[in-house]
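One line per chain: the protein sequences are P and F, in this order.
Under our numbering, the first residue of the first sequence carries the number 652, and numbering increases by one thereafter.
Under our numbering, the first residue of the second sequence carries the number 195, and numbering increases by one thereafter.
Ideal Cβ placement from N, Cα and C applies to all residues, glycine included.
What you are looking at is a predicted structure, and each value in this text was computed from that prediction instead of being measured.
Working notes, beginning with the structure itself.
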Amino acid sequence: GESVGLHLPTLSVQEGDNSIINCAYSNSASDYFIWYKQESGKGPQFIIDIRSNMDKRQGQRVTVLLNKTVKHLSLQIAATQPGDSAVYFCADQTSGSRLTFGEGTQLTVNP
Amino acid sequence: DAGVIQSPRHEVTEMGQEVTLRCKPISGHDYLFWYRQTMMRGLELLIYFNNNVPIDDSGMPEDRFSAKMPNASFSTLKIQPSEPRDSAVYFCASSFEDRAHGYTFGSGTRLTVV
Chain P
652 GESVGLHLPT
662 LSVQEGDNSI
672 INCAYSNSAS
682 DYFIWYKQES
692 GKGPQFIIDI
702 RSNMDKRQGQ
712 RVTVLLNKTV
722 KHLSLQIAAT
732 QPGDSAVYFC
742 ADQTSGSRLT
752 FGEGTQLTVN
762 P
Chain F
195 DAGVIQSPRH
205 EVTEMGQEVT
215 LRCKPISGHD
225 YLFWYRQTMM
235 RGLELLIYFN
245 NNVPIDDSGM
255 PEDRFSAKMP
265 NASFSTLKIQ
275 PSEPRDSAVY
285 FCASSFEDRA
295 HGYTFGSGTR
305 LTVV
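Structure below.
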């Protein structure tokens, strides 16, 4: 069938709940991973990164988990706020190459 | 620092016209990237520069697209002639020593070709 555009995965949560956004990557040689947040009308903004020698990294209200065995990355947002509503992209990188972006997940926070 | 500055923010042009998008990277950053974002394809890397030299332009869709970086503080992406399918948001990003956490994106140029 004809493609009509990317169907962004969506996640809807209540304000104050925790959010978990998932991402799968395909390149087993990727050694660096990043989560970006893109608000409407703005460019992607760096949130947190993690290297392949780690499986967890925490920031302010955010935690990134990396499972290299299944090539899976997740972003956890604690106590989600309305200002967290945005599209979240994961990206991976292999040494010497460029970032590869995932398709993004639309997070909506309901008051 | 004011961040990566792109101009114009919005551009509406007629098919066949030349379009020039501009970018001022963050001072001191040695990598500059041009991305295109559409609903169909998501975020695509078009071309990137290192120390003002184009390194990889394999993402440029066709010869109608060209990019230059005459100096460390300025880059342009030109489309000539423009077509409706070029309608998208074009982002410029810069970084230092090509580390992803340093990828700072501009606010983008929303291009509409009618």
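> By Cβ distance below 8 Å, which residues in the same chain neighbour glutamate 212 of chain F in space, the five residues on each side in sequence not counted?
Replying inline: Lys272, Ile273, Gln274, Pro275 and Ser276
>> If we define contact as Cβ-Cβ less than 7 Å, is proline 660 of chain P a contact residue for chain F?
In response: no
>> My output table needs one value for arginine 279 of chain F: the three-state DSSP class, helix, strand or coil.
In response: helix
>> Just to confirm my understanding: we take valine 308 of chain F, look at its own chain, exclude 5 residues before and 5 after, and list those with CB closer than 8 Å. What are they?
In response: Counting only residues of its own chain and dropping the five nearest sequence neighbours on each side, valine 308 of chain F has a CB closer than 8 Å to the CB of Val206, Thr207, Glu208, Met209 and Pro278.
>> Below 7 Å on C-beta distance, what does serine 288 of chain F contact in chain P?
In response: Under the 7 Å cutoff, chain P gives no residues; its nearest Cβ is about 11 Å from serine 288 of chain F.
> To which residues does DSSP link proline 695 of chain P through a beta bridge?
Replying inline: Per the DSSP secondary-structure output, proline 695 of chain P pairs with nothing in a beta bridge.
> Would you call threonine 298 of chain F buried or exposed, if buried means 16 or more other Cβ atoms sit within 10 Å of its Cβ?
Replying inline: buried
> Where do the ends of the beta strand (DSSP E) carrying asparagine 669 of chain P lie?
Replying inline: Per DSSP, asparagine 669 of chain P belongs to no beta strand (DSSP E) and is neither H nor E.
> Which residues of chain P have a Cβ atom closer than 9 Å to the Cβ of serine 301 of chain F, listed in chain order?
Replying inline: Gly692, Lys693 and Gly694
>> What residue range does the beta strand (DSSP E) around phenylalanine 268 of chain F cover?
In response: 268 to 273
> With a cut-off of 7 Å, does the C-beta of leucine 237 of chain F fall near any C-beta of chain P?
Replying inline: yes
> First and last residue of the beta strand (DSSP E) that includes arginine 304 of chain F?
Replying inline: 303 to 307
> Along the chain, where does the beta strand (DSSP E) that runs through threonine 232 of chain F open and close?
Replying inline: Taken as a continuous stretch (DSSP letters only), the beta strand (DSSP E) holding threonine 232 of chain F covers 225 to 232.
> Who are the Cβ neighbours of arginine 216 of chain F in its own chain at under 6 Å, not counting the five residues just before and after it?
Replying inline: Ser201 and Thr270
> If the cut is a Cβ gap below 8 Å, which residues of chain P does phenylalanine 285 of chain F touch?
Replying inline: Correct list: Gly694 and Pro695.
> Under 9 Å Cβ-Cβ, which residues of chain F neighbour glycine 755 of chain P?
Replying inline: Within chain F, the residues near glycine 755 of chain P are Gly236 and Leu237.
> Under three-state DSSP, which class holds glycine 734 of chain P?
Replying inline: helix
> Roughly how many angstroms lie between the CA atoms of threonine 759 of chain P and alanine 742 of chain P, to the nearest whole one?
Replying inline: Rounded to whole angstroms, threonine 759 of chain P to alanine 742 of chain P spans 21 Å at the Cα level.
>> By DSSP's criteria, aspartate 250 of chain F is part of a beta bridge. Which residues make up the other side?
In response: F:Tyr242
> To which residues of the same chain is aspartate 251 of chain F closer than 6 Å at the C-beta, ignoring the five residues directly before and after it?
Replying inline: Ile241
>> Within the continuous beta strand (DSSP E) that includes glutamate 163 of chain F, where are the two ends?
In response: Residue 163 of chain F falls outside the range modelled here, since chain F spans only 195 to 308, and no answer is possible.
>> Per the DSSP calculation, leucine 717 of chain P is bridged to which residue(s)?
In response: P:Leu724
>> Under 8 Å, with one C-beta from each stretch per pair, do the segment 687 to 695 of chain P and the segment 727 to 744 of chain P reach the 3-pair mark?
In response: yes
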